[in-house]
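Each residue of the sequence shown is one higher than the last, beginning at -7 in the working numbering. Every residue gets a Cβ at the ideal spot worked out from N, C-alpha and C, and that includes glycine. A quick note: this is a predicted structure, and the numbers were derived from the prediction, not measured. Below is one structure, written out as structure tokens; the observations come after it.
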Amino acid sequence: MKWLSLLTNEWIKIFSRTRTWIFLAIPIVIIIGIAVYDKVTTDVEVNENWKQELTETIKNDEKTLDEAKKNNDDEVYIEYLESTIKQNEYAIANDISPYETTAWQFTKDMSWLSIFIGLFVIVVASDIVSNEFAKGTIKMLLIRPYSRWKILLSKFVATLGFAFLMWLVVILVTWLVGGLAYGFGGMDQSYLITAEDGQVKERLIVEYVFANIGVEFIELTTLVAMSFMISTLFMSNSVAIGVAMFTMFAGNIIVTLLANKDWVIYTLFANMDLSVLIDGQNQMIKDLTLPFSISVLAVYTVVMLAITFTVFQKRDVKA
């Protein structure tokens, strides 16, 4: 029970800072702003005549596809056009409007907000350890009747709890705003994917939303572990933030450049976007699967935490 007091203390530290509430407010403002903008600018006529709109889109995509094949454009781009045409044809044939928005569709469309969550969590995770050394308050912590690993564990769990809470708040607010704007129906609403065999299939949006919530928890855990490790090794939040952000944003570029290498699937960069593996769409490396990527991230997370706790245990703190 004594350890819980450490954990509570870390939570108080996190939520006593103004920036924490700013971090929580930013995505909420974005969600409300996008919903209001969409309601104001949505063309009702297009929604009602969506089949005609999709037919025109198919014709334009077919012309673009023919030109792409003649010019020997990138194979991925050609596959994307072919997939889009098939999905739009399927939507018309099966009366599935891509313009129908519900609370669940809005939640799925806003899943990109996880980028902001990742950024904010990196800042908190990078600062929670290095800031103790920078201010000299680490000495006050270490003289308390707790072992070092318990102190570090409380910081890790508190940061992880903040990350999970923030992600759940964003998901809940998105769903509520989407429901107020578009209605709370849509539990049986489908979206279309193109399977490996080229066939168009329907998937429930609600299944994607819950799967995305789960995989984001895994990604956030790895991000927190990475930020903790770098912050502990260098005792610098700026270095930790820089490296973690590089992993988030430069990862896709690196994977694209190394996509033809067999070993790239074992790198951290290649496995940091689990959302594309939920339904296999927009996947840069075809050999990756969700169970494999989760396993790779689990190994990296365990290794990074082992390094972090080992270094923290042996770190010399000058009086």
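Among the options, nearest to residue i - alpha-carbon criterion
i, options, result
"residue 82", "192, 167 and 211", "192"
"residue 24", "246, 174, 183 and 143", "174"
"residue 7", "253, 221, 116 and 266", "116"
"residue 91", "41, 139, 102 and 114", "41"
"residue 282", "28, 307, 181 and 203", "203"
Straight-line gap, residue i to residue j (C-alpha atoms, nearest Å)
i, j, result
"residue 31", "residue 296", "45 Å"
"residue 9", "residue 53", "50 Å"
"residue 168", "residue 244", "32 Å"
"residue 225", "residue 300", "7 Å"
"residue 111", "residue 237", "7 Å"
"residue 261", "residue 100", "24 Å"
"residue 256", "residue 218", "19 Å"
"residue 67", "residue 302", "47 Å"
"residue 231", "residue 275", "30 Å"
"residue 216", "residue 166", "24 Å"
"residue 163", "residue 206", "12 Å"
"residue 304", "residue 146", "13 Å"
"residue -6", "residue 142", "10 Å"
"residue 160", "residue 33", "28 Å"
"residue 268", "residue 249", "18 Å"
Neighbour-count burial assignment, residue i, 16 or more Cβ in a 10 Å radius
i, result
"residue 258", "exposed"
"residue 279", "exposed"
"residue 44", "exposed"
"residue 229", "buried"
"residue 271", "buried"
Per-residue DSSP class, three states only, for residue i
i, result
"residue 184", "strand"
"residue 280", "coil"
"residue 193", "strand"
"residue 230", "helix"
"residue 9", "coil"
"residue 84", "helix"
"residue 102", "helix"
"residue 175", "coil"
Any chain B beta carbon closer than 8 Å to residue i
i, result
"residue 290", "Of the protein chains in this structure there is only one, and it is not chain B."
Quiz item: If you pair each beta-carbon of the stretch 56 to 76 with each one of the stretch 114 to 123, do three or more pairs fall below 8 Å?
Solution: no
Quiz item: Below 8 Å, can you find three or more Cβ-Cβ pairs linking the stretch 5 to 20 to the stretch 42 to 58?
Solution: no
Quiz item: Are there three or more Cβ pairs, one per stretch, closer than 8 Å when the stretch 143 to 153 is compared with the stretch -3 to 4?
Solution: yes
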